[in-house]
Amino acid sequence: MPDDNRDQAGRPSPDALLEKARAEMRGRLKIFLGAAPGVGKTYEMLVSGRAKLADDLDVVIGVVETHGRKETEALLAGFEIIPRVKIDYKGRPLEEMDLDGILARRPDLVLVDELAHTNVEGSRHPKRYLDVKELLDRGIDVYTTLNIQHVESLNDVVSQITRIRVRETVPDSIIDLADDVEIIDLTPDDLIKRLHDGKVYVPRTAERALANYFTPGNLTALRELALRKTAQRVDDQLLTHMQAHAISGPWAAGERILVSIDHHPRCASLVRYAARMASRLRAPWAAVYVETSRSVNLTEAERDTVAATLRLAEQLGGEAITIPGREVAEELVRHATANNVTHIVIGAPKMATWRDWWSRSITDELIRKTGEISVHVISGNEKDGTTARGIRAAATAPEFDFRAYLLATIYVVIALGVSIVLDQVLDVRNLALVFLMAVLTSAVLHGLRPALYSCILGALSFNFFFLPPRYTLTISDPESVLALFFFLGVAIIASNLTATVQRQAAAARQRARTTEDLYLFSKKLAGTGTLDDVLWATAFQLASMLKVRVVLLLPEEGTIAVKAGYPPDDTLDDADIAAARWAWEHNHAAGRGADTLPGAKRLYVPLRTGRTAVGVIGLDSDRRDGPLLTPEQQRLLDALADQAALAIERVQLVADVDRARLAAEADRLRSALLTSISHDLKTPLAAILGAAGTLRDYFASMPEEDRADLLSTVVDESERLNRFIANLLDMTKIESGAMEPNFALHYAGDIVGSALRRAAKILERHKTETSIPADLPMVRVDPVLFEQVIFNLLDNAAKYAPEGSVVHIEGWADADNVVLQVSDEGPGIPPADLTRVFDTFYRVRKGDQVRAGTGLGLSICRGFVEAMGGTITAANRKGRPGAVFTIRLPKPNDIPKLDELR
38 MPDDNRDQAG RPSPDALLEK ARAEMRGRLK IFLGAAPGVG KTYEMLVSGR AKLADDLDVV
98 IGVVETHGRK ETEALLAGFE IIPRVKIDYK GRPLEEMDLD GILARRPDLV LVDELAHTNV
158 EGSRHPKRYL DVKELLDRGI DVYTTLNIQH VESLNDVVSQ ITRIRVRETV PDSIIDLADD
218 VEIIDLTPDD LIKRLHDGKV YVPRTAERAL ANYFTPGNLT ALRELALRKT AQRVDDQLLT
278 HMQAHAISGP WAAGERILVS IDHHPRCASL VRYAARMASR LRAPWAAVYV ETSRSVNLTE
338 AERDTVAATL RLAEQLGGEA ITIPGREVAE ELVRHATANN VTHIVIGAPK MATWRDWWSR
398 SITDELIRKT GEISVHVISG NEKDGTTARG IRAAATAPEF DFRAYLLATI YVVIALGVSI
458 VLDQVLDVRN LALVFLMAVL TSAVLHGLRP ALYSCILGAL SFNFFFLPPR YTLTISDPES
518 VLALFFFLGV AIIASNLTAT VQRQAAAARQ RARTTEDLYL FSKKLAGTGT LDDVLWATAF
578 QLASMLKVRV VLLLPEEGTI AVKAGYPPDD TLDDADIAAA RWAWEHNHAA GRGADTLPGA
638 KRLYVPLRTG RTAVGVIGLD SDRRDGPLLT PEQQRLLDAL ADQAALAIER VQLVADVDRA
698 RLAAEADRLR SALLTSISHD LKTPLAAILG AAGTLRDYFA SMPEEDRADL LSTVVDESER
758 LNRFIANLLD MTKIESGAME PNFALHYAGD IVGSALRRAA KILERHKTET SIPADLPMVR
818 VDPVLFEQVI FNLLDNAAKY APEGSVVHIE GWADADNVVL QVSDEGPGIP PADLTRVFDT
878 FYRVRKGDQV RAGTGLGLSI CRGFVEAMGG TITAANRKGR PGAVFTIRLP KPNDIPKLDE
938 LR
C-alpha cells in the first residue's frame, strides 16, 4: 500500500511501525511454497523443523501428510505428534488436526501441512488456514506448506494454464501475513523424473498426472507463478522495512513506476507510456495526481480530464492515487521515496510562461530533487488524449443568491454602526478594520462575489461617513486616499483568500460525503450474492446520489432487456430501446444529451469492465429537455458505474463457473451412461441373441441338456438386462424427485428373506448367513424399495467376494435405530473410494482391473434409504478383509402393541 508520510520526513512510517508491532505480538508464519505437488515442500518443512528441534526449540507436528513417501516418513522420527481429533461425518469418523490440543500444549513451533485443506464439517473453522491464524494469534510459530495453484488471486490463471479448476484456495492476505516465504523449486524435468520413479503418486495415478497436469509447459508456467509470487512478497517486505526504518528510497531491488498526471489532455499518452513500460519491466505502477490549491480553480473540462486519466490508469492495470499538497514536485518526490519508486514518468514542460521567469517548471524541479530515481520526460501527444465521454453536460452556472448580497449589506451596515460608536475614541484610519471584518465575514459565509460586493460597499461607506470632507464621496486629504486604496487592496486580497479556503473546505466536505457514499455502496455490493440484489442496490444508489430515475438493462437472448429500475419501470419506447441497444453494442453513451440518438427520453450509458460491456444504465429526470448531468455528476456516475459493472461481472462469472461445473458433471454422467449402456446393455443382448440363434438353427439336433442350458442363459441374461433397465428407471425417479415411498410397518427379517430368495441365483456360488433376532422392532419402510436395497447389496457382494465365501446379514436395534449390516469376504473398498462408492456411475475396480457392474446399484441404495428417512454407510471389516454396508432406520414411535393387533 502506498505510504504518504508527508509531515514526518525522515521519520518511520506509522503504518509500517504499526504492522511491525502487530507482527511482534503474534507468532511467526513461514510458508514453504511450491509450484506443484511433489516438489518436496513437506520434506523441506520437516528438515527445517528438525533444525529447530536441534536448537532446543519445542517443536511438535500438528498434521503432516506423508502420502506414503518413505523418505518423508523417516523424518517424522523424533518429533512429538499431536494426535488428531476424530469427527463424525455422516456416520463415518474422519480425522482432523487437534487445534485445542495444540493450544493446550503451547509449543514454540508447530508444523502444519497442506494450508489450503478444507476441514470436515463440524470442525471449529471451515478451512485449515483459519486454524493457523488462531495459532498465530495465540503467539505460536507455524511452519506450513502451500502449492501456488491454491492462491486465490491466481486461481483463474492456474485454471487457464492447467484446464483444472482448483476448489481449495487460500486468500492472498494469508501470504501477506507470512514473515517468511521459502520457495521450494524443482525443475520440470526433475519433477517428472520423480513421478516416473513413483516418489509422488502410485504408478497408475502418476501416468494420468503426466498426461494431464504434469506436462513440461504446465510445470514451467506454474514455476514462474511461484517465483513471481515469492518475489512480490519479498518486495513488499523490503518496502515495509524501509518505511519502518525511515530509509529513503529507492533501493532498486525491484522496479516500481510512477507517472505524474495533471489536467492536460496529453497525460493520457503518458499513462499509456507508463503502462507499456511497466509491462516490459513486469513492475507495479501508479498514476499520481497532486491536488494543490490551484486545483480548486480548474474548469469542469479540466476536472473531467483528470478523472478520465486516472480511470484510464486503472483500466490499464495501474493504481490511481490522488494526494493533496502544496508543490507538485515536492509531493511526487516524497511519495516516490516513501514507496521505493525507481522510475518517474512526467510530461515535458510546455512553452515558457510568465511564472517561469522567477520559478522552475515542475519537470525541472523534479529532476533536481529526485536523486537516484530515474526521471523519464515525455513530450506526450494531446491528440492522443482520453476518449471523449460523448455526453453534453448540464449547465452549472451559479444562481444569483439575493439573500447572500442582502446579508453582506447587513454586515456592512452593522460595521457602519460600530464605526460610528468607535469614531468618538479611535483614529479614523483604524475604523477601516471594522469594515474589513464585515468583508471577511461575507467571504467566509457566502463566498467571493458577496465578499467583493461588501468590499466596495464598505469602501464607499468608509469614504462617505468618515473621510473628510464627510458625507461626500470627495477625498481632500492625500493620506486618506492612500488609506482608502490600501483598505480596498487588503479587503480584496483577504476576501479572495478567505473565499478560496471556504471553497476548498466545501469541496473537501463534498468529497468526504461522496467517498463515504461510494464506500458504503462498494460494501453493499460486496455483500450481495445474487444478480437481482446487485441490480437493485445499483439502481437505488444511482437514483439517490444523482437525483434521477434509473433503469438497468442487461443482455438477454441476443437483445437487451430491462432487469431493474428505481422507481420500478419496465416500459421503454422504440427510441429508447434503439438508444439502449446502440449504447450496449458500441460501448458508448447514447440518448438524451449524448451525441448519438439524442431524441430518446433517457440517457443510456454502458456498464463497462476491462473485458466488455455487461449492461446499460438508463437515466431520466423530471426535466423534459436539455442534458441530465452536471460534469461533477458525470464523474460520480463513472465511479458508480465502474463498481456496479465489476459486481455484475463477478456474479455472472460465478454463474458461468457453476454452469460449467454442471455441464462438466452432465458430460461425466452422460459419458458414464454411454459406457454402461455400451457394455452392460450390449453384453446380455449378445448372450441372448447368441443363445436364441443357436436354438433356432440347431434345435432339432441338440441334446436336451444343451437346450436347457441355452434356455437358462436366455432367462438369466434377460433378468440381468431387466435389472439394469430397472436400475436406470429407479435412478431417474430419484434424481427427478418423483420417488414417493409407500410406507408401512414391516419386520425387516421378512424383507431380507424375500430379497435372499430373489437373489438365490446370483448367490448360488456363495454362502449366506443371516442373524436377525425375532424380536427386532418393526420399521416403517416401503417393502418394495427396501427389498431392492437389500438385493442390490447382495448383488454387490456377489460381484466382489470370491466364490465360496460367506455373505453375512445381521440386524440389531440400538437406542434410536434399527440397524442392518451386509458384509462380505471380498478385498474390501479402497480407503480413497469409501466416500465415492455411492456416487452415480462410480465403480470400484476389481483385482483384474476390469470394472464390474453399472455403478448404479449402491447409488440407488442410498437414494432409497434416504427417501425412507434412513442412512447407509460403507466401511471395511476390522481384522479381516471384506466390505460392510450399514443401514440405519429410525425406530417408529407408533408401533402397535400385540393386543391391539388381535
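Numbered per the working numbering, the sequence shown finishes at 939, counting up by one with no gaps.
In this text, a Cβ means the ideal position worked out from N, Cα and C, and glycines have one as well.
Pick helix, strand or coil for Lys928, following the three-state DSSP scheme.
-> coil
Around the Cβ of Gln547, are there at least 16 other Cβ atoms within 10 angstroms (buried) or fewer (exposed)?
-> exposed
By a C-beta neighbour count over all protein chains shown, 10 Å radius and 16 as the cutoff for buried, is Asn930 buried or exposed?
-> exposed
Between the Cα of Ile529 and the Cα atoms of Ala563, Val476, Tyr556, which residue gives the shortest distance?
-> Val476
Below 7 Å CB to CB, which residues in the same chain sit around Pro361 once its five sequence neighbours on both sides are set aside?
-> Glu328
Can at least three beta-carbon pairs, one atom from the region 106-117 and one from the region 198-213, be found at a separation below 8 Å?
-> no
Going straight from the alpha carbon of Met905 to that of Ile827, what length do you get?
-> 14 Å
Sort out for me which residues DSSP pairs Phe922 with in a bridge.
-> Val859, Ala911
Can the beta-carbon of Lys107 be found closer than 8 Å to that of Val96?
-> no
Is Gly384 helix, strand or coil by DSSP?
-> strand
What residue does the beta strand (DSSP E) around Gly894 start on, and which one ends it?
-> First-last for Gly894: 894-904, but that is the alpha helix (DSSP H), not the beta strand (DSSP E).
Measure the CB-CB distance between Ile809 and Val789 and report whether it falls below 8 Å.
-> yes
Mind checking which residues open and close the alpha helix (DSSP H) that includes Ala875?
-> According to the sequence provided, residue 875 is Phe. The question's Ala does not apply to it. Element bounds for Phe875: n/a, residue is neither H nor E.
Consult DSSP for Thr336 and reduce its assignment to one of helix, strand or coil.
-> coil
Does the distance from the C-beta atom of Val571 to that of Ala580 stay below 8 Å?
-> no
Which partner residues does Leu131 have in the DSSP bridge list?
-> Ile124
How do the region 795-802 and the region 815-834 stand: do at least 3 beta-carbon pairs fall below 8 Å, yes or no?
-> yes
If you draw a straight line from the C-alpha of Ala889 to the C-alpha of Lys836, how long is it?
-> With a pLDDT of only 48 at Ala889, under 50, the local geometry of the prediction cannot be trusted, and the value read off the model is given with reservation. Rounded to the nearest angstrom, the two C-alpha atoms are 7 Å apart.
Same chain, Cβ closer than 6 Å to Ile221, five either side skipped, listed in chain order | Phe69, Gly71, Val76, Gly77, Lys78, Glu81
Can you give, in chain order, each stretch of the beta strand (DSSP E) that sits fully within the region 794-827 and has at least 3 residues?
-> 804-808, 816-818
To which residues of the same chain is Ala615 closer than 7 Å at the C-beta, ignoring the five residues directly before and after it?
-> Leu634
Beta-ladder partner(s) of Asp679, from DSSP | Partner(s): none; Asp679 has no beta bridge.
Pull up the distance between the alpha-carbon of Leu893 and that of Arg899, whole angstroms please.
-> 10 Å
Going by C-alpha distance, which of Asp657, His625, Gly254 is nearest Leu644?
-> His625
Kindly indicate if chain D contains any beta-carbon less than 8 Å away from that of Val179.
-> In the structure shown, chain D cannot be found, because there is only a single protein chain.
Which residues in the same chain have their Cβ closer than 8 Å to the Cβ of Leu494, if we skip the five residues on either side of it in sequence?
-> Ala445, Thr446, Val449
Who are the Cβ neighbours of His845 in its own chain at under 6 Å, not counting the five residues just before and after it?
-> Glu806, Ser860
What three-state label does DSSP hand Asp41 in the structure shown?
-> The pLDDT assigned to Asp41 is 48, lower than 50, so where the model puts this residue is not dependable, and the model offers no usable value.
Tell me His413's beta-bridge partners as DSSP assigns them.
-> Val382
In whole angstroms, what is the alpha-carbon distance linking Gly919 and Phe780?
-> 32 Å
With 16 other CB atoms within 10 Å as the buried threshold, where does Lys164 fall?
-> buried
Does the separation of the CB atoms of Gly652 and Leu590 fall below 8 Å?
-> yes
Report the rounded CA-to-CA distance for Ile404 versus Ile298, giving the unit in angstroms.
-> 16 Å
Phe69 lies in the beta strand (DSSP E); which residues open and close that run?
-> 66-71
Measure the alpha-carbon distance for Lys123 versus Asp137 and round it to whole angstroms.
-> 13 Å
Could you give the residue range of the beta strand (DSSP E) that holds Ala601?
-> 596-603
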